[in-house]
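**Q** Here the sequence shown is numbered in the working numbering, starting from 255 and rising by one per residue.
Using N, Cα and C, we set each Cβ at its ideal position, and we do this for glycine too.
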Amino acid sequence: MQIIKNIDELKEFKKNNKNKSIGFVPTMGALHLGHLSLIKNAVSNNDIAIVSIFVNPTQFGVNEDFDIYPRTYQKDIELCKNAGVSAIFMPEIDTLYPNGLDDEVVLIPPVSMAKVFEGAIRENHFGGVLRVILKLFNLISPTNAYFGKKDAQQLLIIKKMVSDLFLDINIIPCDIVRDKNNLALSSRNVYLDSASYEMALNLPNAINKAMSLVLANTLESKIIENAAMACLAGLEVDYCNVVDYNLKKIQEIQKRNSLLIIAVRVGKVRLIDNCWF
Ligand code: AMP
Numbered sequence: 255m256q257i258i259k260n261i262d263e264l265k266e267f268k269k270n271n272k273n274k275s276i277g278f279v280p281t282m283g284a285l286h287l288g289h290l291s292l293i294k295n296a297v298s299n300n301d302i303a304i305v306s307i308f309v310n311p312t313q314f315g316v317n318e319d320f321d322i323y324p325r326t327y328q329k330d331i332e333l334c335k336n337a338g339v340s341a342i343f344m345p346e347i348d349t350l351y352p353n354g355l356d357d358e359v360v361l362i363p364p365v366s367m368a369k370v371f372e373g374a375i376r377e378n379h380f381g382g383v384l385r386v387i388l389k390l391f392n393l394i395s396p397t398n399a400y401f402g403k404k405d406a407q408q409l410l411i412i413k414k415m416v417s418d419l420f421l422d423i424n425i426i427p428c429d430i431v432r433d434k435n436n437l438a439l440s441s442r443n444v445y446l447d448s449a450s451y452e453m454a455l456n457l458p459n460a461i462n463k464a465m466s467l468v469l470a471n472t473l474e475s476k477i478i479e480n481a482a483m484a485c486l487a488g489l490e491v492d493y494c495n496v497v498d499y500n501l502k503k504i505q506e507i508q509k510r511n512s513l514l515i516i517a518v519r520v521g522k523v524r525l526i527d528n529c530w531f
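#1: What residues in its chain sit with their C-beta under 8 Å from that of Leu419, if we drop five residues either side in the sequence?
#2: Looking at the unbroken alpha helix (DSSP H) that takes in Gly381, where does it start and where does it end?
#3: Using a Cβ distance threshold of 8 Å, determine whether the region 280-292 contacts the region 301-318, with at least three qualifying pairs required.
#4: With three or more beta-carbon pairs closer than 8 Å as the criterion, would you say the region 515-526 touches the region 440-455?
#5: Could you work out which residue in Leu514, Cys494, Pro427 is closest to Met465 when comparing CA atoms only?
#6: Below 8 Å on the Cβ atoms is my contact criterion, and I expect Ile394 with Ile276 to pass it. Report the Cβ-Cβ distance as a whole number of Å.
#7: Just to confirm, does Met282 get its C-beta within under 7 Å of one of the non-hydrogen atoms of the ligand AMP?
#8: Please state if the CB of Ile425 and the CB of Lys403 are separated by a distance shorter than 8 Å.
#9: Could you pull the DSSP bridge partners for Pro280 from this structure?
#10: Within 8 Å, do at least three Cβ pairs link the region 278-288 to the region 322-331?
#11: In the DSSP assignment, what residue or residues form a beta bridge with Tyr400?
#12: Report the CB separation of Asn310 from Gly373 in whole angstroms; it is logged as a contact under 8 Å.
#13: Between which two residues does the beta strand (DSSP E) harbouring Ile342 extend?
#14: Would you call Ala341 buried or exposed, if buried means 16 or more other Cβ atoms sit within 10 Å of its Cβ?
#15: Does at least one heavy atom of the ligand NAP sit under 7 Å from the Cβ of Lys389?
#16: At a cut-off of 7 Å, would you count Leu292 as near the ligand AMP, judging by its Cβ distance to the nearest heavy atom?
#17: How many whole angstroms separate the CB atoms of Ala460 and Cys485, which I take to be in contact at a CB cut-off of 8 Å?
#18: Can the beta-carbon of Asn260 be found less than 8 Å from the beta-carbon of Pro345?
#19: Between Thr397, Pro364, Gln508, which has its C-alpha nearest Asn271's C-alpha?
#20: Is the Cβ-Cβ distance between Met367 and Ile411 less than 8 Å?
#21: Quick check on DSSP: helix, strand or coil for Ser475?
#22: Below 7 Å CB to CB, which residues in the same chain sit around Lys355 once its five sequence neighbours on both sides are set aside?
#23: Going by C-alpha distance, which of Glu332, Leu333, Val339 is nearest Ala296?
#24: So the candidates are Asp433, Tyr499, Gln508; which of them puts its Cα closest to the Cα of Ile478?
#25: Taking the alpha-carbon positions, what's the Lys414 to Lys274 distance?
#26: So is the beta-carbon of Cys529 under 7 Å away from any non-hydrogen atom of the ligand AMP?
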């Protein structure tokens with residue numbers, strides 16, 4: 255497995271692997287089994303797989319956890335090597351943003367998708383995500399790019415970018431990986447102490463409740479949202495809404511075009527989860 259730090263090395267790597275299908279998994283590192291499922295998918299379904307590890311400053315707000323975001327590079331490298339990854343791309347900030355963060359062309363996702371839910375709380379978050387993902391797509395030219403359904407809003411906005419900008423890349427959504435108690439794996443779960451962890455389990459309970467209602471053909475959004483909210487008692491809920499794939503709130507679930515998205519705070523830790531109907 256090659257560890258690539260700069261763009262010339264990346265170009266050389268691509269030259270040596272011309273005409274091969276490339277599976278690409280963009281990450282911010284601190285890899286866990288959720289990332290690993292994306293990586294395994296990329297390894298199995300492409301000639302070569304590339305994982306990027308880059309904590310992207312432009313998607314963090316000023317009061318967010320950029321400086322303390324967990325960085326476990328050695329462990330990440332081992333995990334990728336064991337999974338059969340061909341190359342890890344680990345650029346420095348200057349490598350991806352050679353003209354600085356404030357003096358270059360940026361991408362503005364549609365307000366209707368990017369200023370709601372996560373975007374209402376995290377200013378310019380999705381603009382920063384698109385900025386770095388488009389740079390990575392242009393540098394890597396993947397055939398298939400793998401994203402977790404865990405970050406539903408991110409996935410839907412990236413799909414929108416790919417469609418609007420005619421990018422020739424397949425976006426492959428991957429199922430949410432959960433721990434033994436059903437909590438969705440997240441690099442931020444390390445911030446949960448044991449009491450907070452117990453509280454956080456209300457989140458997957460809410461998801462399960464919603465899913466079981468929908469499976470029993472209860473499709474009215476209000477009923478689903480209220481049932482989920484009842485499970486979230488004791489947590490500070492940022493949002494709990496049924497939406498369509500354009501992130502518009504809808505009154506009734508349409509199967510294969512709707513999801514329930516939830517964000518809560520457990521103490522200082524903010525957690526998101528969702529289910530796709
Ligand atoms: P991150 O490193 O948090 O930017 O995540 C990199 C990718 O892994 C994103 O596409 C996430 O949606 C995905 N991911 C993170 N956690 C999970 C999970 N528990 N299950 C599936 N995918 C995940």
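**A** So, from the listed chains and residues:
#1: Leu388
#2: 379-394
#3: yes
#4: yes
#5: Leu514
#6: 6 Å
#7: yes
#8: no
#9: Ser306
#10: yes
#11: Ile426
#12: Not confirmed; about 16 Å, so no contact.
#13: 341-343
#14: buried
#15: You won't find the ligand NAP in this model; what it holds is the ligand AMP.
#16: yes
#17: 4 Å
#18: yes
#19: Thr397
#20: yes
#21: helix
#22: In the sequence under discussion, the amino acid at residue 355 is Leu, which differs from the Lys named in the question. Taken in chain order, the residues that qualify are Pro311, Thr312.
#23: Val339
#24: Gln508
#25: 26 Å
#26: no
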